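First to last, the sequence lines map onto chains A and B.
Heads up, the first sequence stops at 242 in the numbering used here, and the numbers go up one at a time, no gaps.
Heads up, the second sequence stops at 484 in the numbering used here, and the numbers go up one at a time, no gaps.
Heads up: the structure comes next, in structure tokens.
There are 2 protein chains.
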Amino acid sequence: MDSVGEARLSGEADASGSGRRLPRGSLDKTQIVEAALAVTVLTGVAGLTMPLVAKRLGVRTTAVQWHFSRRDDLLAALNEEAVRRFNGLLPRVAPVGWDENLAGYWREFRRIARAYPALGELVVIGWTTVARHRDALRLSYERIDEQLGVLMEAGFSPESAARAYHALSTYVRGCLLNERTWEMDGAQEAAERADGGRGLSEFPHMRAAAPYWSPTFATDEDFERGLAIIIEGLRSELAQGR
Amino acid sequence: MDSVGEARLSGEADASGSGRRLPRGSLDKTQIVEAALAVTVLTGVAGLTMPLVAKRLGVRTTAVQWHFSRRDDLLAALNEEAVRRFNGLLPRVAPVGWDENLAGYWREFRRIARAYPALGELVVIGWTTVARHRDALRLSYERIDEQLGVLMEAGFSPESAARAYHALSTYVRGCLLNERTWEMDGAQEAAERADGGRGLSEFPHMRAAAPYWSPTFATDEDFERGLAIIIEGLRSELAQGR
DNA sequence: ACCTGAACACCGTTCAAGT
DNA sequence: ACCTGAACACCGTTCAAGT
């Protein structure tokens with residue numbers, strides 16, 4: 001969804017599928033990463049192949065391979081670029097309470113990952129090897145530092161602040177993984193069918209919880225509820241003076 | 243790691259890599275799934291190919307394809323079997339407090355996923371399409387129902403219990419995803435290098451939190467801390483009478 | 001330095017042919 | 001019904017050859 005927005009984000013003007021262009025005189029690493037991102041928007045990371053990237057640039061596959069000799073190298077550069085763009089979309093600190101700030105930050109994090117599925121897939125799932133690239137890491141540090149600052153100024157110890165960031169980051173990552181699990185084929189309806197069906201009669205506690213039970217673990221309400229639990233845990237920790 | 247343990251788990255007697263056997267008269271779906279699991283233990287899901295499965299069974303690729311016409315079909319069956327075995331390894335309810343029970347359950351969940359990486363990868367990451375298979379889903383329901391029961395008997399409402407299960411399941415899934423991110427190549431050392439280096443001087447809050455900051459988000463301590471936050475949130479919720 | 005062209009191993013999938 | 005054999009499109013990667 002919103003592939004137009006991502007196409008714009010990737011700097012591609014033409015939304016056409018495979019516009020062949022001449023190589024001109026120069027083929028830059030930047031161009032290749034850009035083309036790779038555009039392809040990923042259309043096909044997902046699994047469908048990102050060297051030939052598709054090459055075709056989009058109007059060159060041979062081996063031309064791409066001269067700049068990125070292995071597909072993994074291209075993926076690493078693509079990851080870095082995705083993290084850079086993703087971080088650029090994250091919100092700055094708002095003048096509200098620490099809890100509201102935290103909730104808003106991660107709510108927005110999730111919104112961005114869903115609005116730009118290719119970025120989300122690259123940043124959330126395929127986060128590997130990004131740490132080696134100092135630039136992308138630094139961009140992440142800026143946002144993290146801001147969030148830690150909000151917590152510390154609210155009275156959290158550095159340790160508690162670090163714990164809080166880790167817990168929320170991990171939880172949101174799990175949420176996005178949940179959502180990605182169910183977004184393909186007819187899995188969603190199948191899950192709901194399985195839930196409402198019989199069989200549940202043998203499980204009394206599940207039956208009692210059924211009205212509040214989302215079989216996909218991937219609704220907005222699911223996300224909000226877990227977020228609330230974690231923030232409540234942090235609030236309780238803060239109240240206990242540690 | 244512990245590929246021996248997983249080989250035993252998969253029912254394979256010979257630990258040798260590619261033991262070629264004769265097809266006998268029958269080639270069962272069960273055998274194929276078993277062989278696929280054994281291959282996955284050695285190669286991971288990404289390295290699981292139809293030819294490798296066929297070679298292990300001593301048949302041609304197209305013989306496997308007669309039973310599972312598409313690779314995705316085999317993967318779905320493999321997922322189902324992995325969920326079945328994984329659930330069989332999960333602990334039953336222990337006679338301790340609800341919070342300790344919950345912590346122990348998810349601690350063990352994570353331990354199993356790490357002890358049997360192939361099962362972990364199949365269950366945590368490639369959970370897709372499992373919901374369609376009623377048997378595997380039912381096995382999950384048993385464990386879920388037990389955990390919900392512990393919470394409800396402790397005084398949680400059905401809604402709160404459902405929320406709690408979702409939050410913990412999602413958090414642990416995120417943890418395992420974190421860990422999988424950093425377990426390849428030299429990413430781990432690279433992350434630590436980037437963390438201890440300079441650059442951090444521009445980020446005062448990160449510098450303050452550095453002693454408690456794990457760059458990989460994947461240590462035992464990281465896991466325990468987030469777990470404690472969530473359980474503390476639940477404890478607070480319970481105390482407030484909702 | 002940067003790109004093309006040919007070639008190889010490998011994989012998923014299809015289909016005709018065997019028994 | 002169940003398996004083999006041949007074949008096709010596609011991909012990642014290597015390497016010699018061009019400019």
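Heads up, the beta-carbon is just placed ideally off N, CA and C, and yes, glycines get one too.
Owing to the predicted nature of the structure, the values given are computational and were not obtained by experimental measurement.
Measuring straight from C-alpha to C-alpha, what distance separates residue i and residue j?
{"i": "F223/A", "j": "Y105/A", "result": "13 Å"}
{"i": "R356/B", "j": "E421/B", "result": "9 Å"}
{"i": "P241/B", "j": "V124/A", "result": "Here chain B covers residues 243 to 484 and nothing more, so residue 241/B does not appear."}
{"i": "W424/B", "j": "A460/B", "result": "8 Å"}
{"i": "F68/A", "j": "D314/B", "result": "30 Å"}
{"i": "F351/B", "j": "L57/A", "result": "46 Å"}
{"i": "A208/A", "j": "I386/B", "result": "12 Å"}
{"i": "E153/A", "j": "E221/A", "result": "29 Å"}
{"i": "R235/A", "j": "V325/B", "result": "36 Å"}
{"i": "D270/B", "j": "G330/B", "result": "23 Å"}
{"i": "E444/B", "j": "N79/A", "result": "24 Å"}
{"i": "L119/A", "j": "G339/B", "result": "42 Å"}
{"i": "P51/A", "j": "V287/B", "result": "24 Å"}
{"i": "T40/A", "j": "G47/A", "result": "7 Å"}
{"i": "A257/B", "j": "S399/B", "result": "The pLDDT assigned to A257/B is 29, lower than 50, so where the model puts this residue is not dependable; a value taken from the coordinates is nonetheless given after this. Distance between the alpha carbons of A257/B and S399/B is about 49 Å."}
{"i": "T43/A", "j": "L74/A", "result": "16 Å"}
{"i": "L90/A", "j": "I112/A", "result": "8 Å"}
{"i": "L344/B", "j": "E232/A", "result": "18 Å"}
{"i": "W213/A", "j": "V64/A", "result": "48 Å"}
{"i": "E363/B", "j": "E276/B", "result": "16 Å"}
{"i": "R85/A", "j": "L200/A", "result": "45 Å"}
{"i": "A36/A", "j": "G416/B", "result": "27 Å"}
{"i": "A162/A", "j": "L419/B", "result": "19 Å"}
{"i": "R467/B", "j": "E237/A", "result": "12 Å"}
{"i": "Y165/A", "j": "S26/A", "result": "43 Å"}
{"i": "V172/A", "j": "V53/A", "result": "31 Å"}
{"i": "L410/B", "j": "V59/A", "result": "49 Å"}
{"i": "L151/A", "j": "R107/A", "result": "17 Å"}
By the three-class DSSP mapping on this structure, what secondary structure does residue i have?
{"i": "W424/B", "result": "helix"}
{"i": "R60/A", "result": "coil"}
{"i": "T461/B", "result": "coil"}
{"i": "E254/B", "result": "For E254/B, the predicted model reports a pLDDT of 39, less than 50, meaning its position is unreliable; a value from the coordinates is still stated below. E254/B: coil per DSSP, three-state reduction."}
{"i": "V365/B", "result": "helix"}
{"i": "R244/A", "result": "Only positions 1 to 242 of chain A appear in this structure, which leaves residue 244/A out of reach."}
{"i": "T291/B", "result": "coil"}
{"i": "V281/B", "result": "helix"}
{"i": "R467/B", "result": "helix"}
{"i": "A7/A", "result": "Summary for A7/A: the model assigns pLDDT 45, below 50, so the residue's position carries little reliability, and this model does not support an answer."}
{"i": "F328/B", "result": "helix"}
{"i": "V338/B", "result": "coil"}
{"i": "G397/B", "result": "coil"}
{"i": "L177/A", "result": "helix"}
{"i": "Q31/A", "result": "helix"}
{"i": "Y116/A", "result": "coil"}
{"i": "R70/A", "result": "coil"}
{"i": "G475/B", "result": "helix"}
{"i": "P211/A", "result": "helix"}
{"i": "S26/A", "result": "coil"}
{"i": "G149/A", "result": "helix"}
{"i": "P333/B", "result": "coil"}
On the CB-based measure, 16 or more other CB atoms within 10 Å of its CB, does residue i come out buried or exposed?
{"i": "E342/B", "result": "exposed"}
{"i": "P446/B", "result": "exposed"}
{"i": "Q147/A", "result": "buried"}
{"i": "W308/B", "result": "exposed"}
{"i": "P215/A", "result": "buried"}
{"i": "Q273/B", "result": "buried"}
{"i": "T303/B", "result": "exposed"}
{"i": "R334/B", "result": "exposed"}
{"i": "P453/B", "result": "exposed"}
{"i": "A38/A", "result": "buried"}
{"i": "A77/A", "result": "buried"}
Compute every distance between the C-beta of residue i and the non-hydrogen atoms of the ligand NAP, then say whether any falls below 6 Å.
{"i": "D145/A", "result": "Ligands are entirely absent from the displayed structure, and the ligand NAP is therefore not among its contents."}
Chain B contacts from the stretch 162-183 of chain A (Cβ-Cβ distance under 9 Å):
A162, R163, A164, Y165, H166, A167, L168, S169, T170, Y171, V172, R173, G174, C175, L176, L177, N178, R180, T181, W182
Can you give me, in chain order, the residues of the stretch 214-228 of chain A that have a beta carbon less than 9 Å from any beta carbon in chain B?
S214, P215, T216, F217, D222, F223, R225, G226, L227, A228
With 7 Å as the limit, tell me which residues of the stretch 311-341 of chain B have their beta carbon closer than that to any beta carbon of chain A; keep them in chain order.
none
Proximal residues, the stretch 283-302 of chain B versus chain A, C-beta separation under 7 Å:
none
Between the stretch 143-159 of chain A and chain B, which residues of the former have CB atoms less than 7 Å from a CB of the latter, in chain order?
I144, D145, L148, G149, M152, P158, E159
Using a beta-carbon distance cut-off of less than 9 Å, what residues from the stretch 346-361 of chain B approach chain A?
none
Please name the residues in the stretch 230-241 of chain A whose beta-carbon is closer than 8 Å to at least one beta-carbon of chain B, in chain order.
I230, I231, E232, G233, L234, R235, S236, E237
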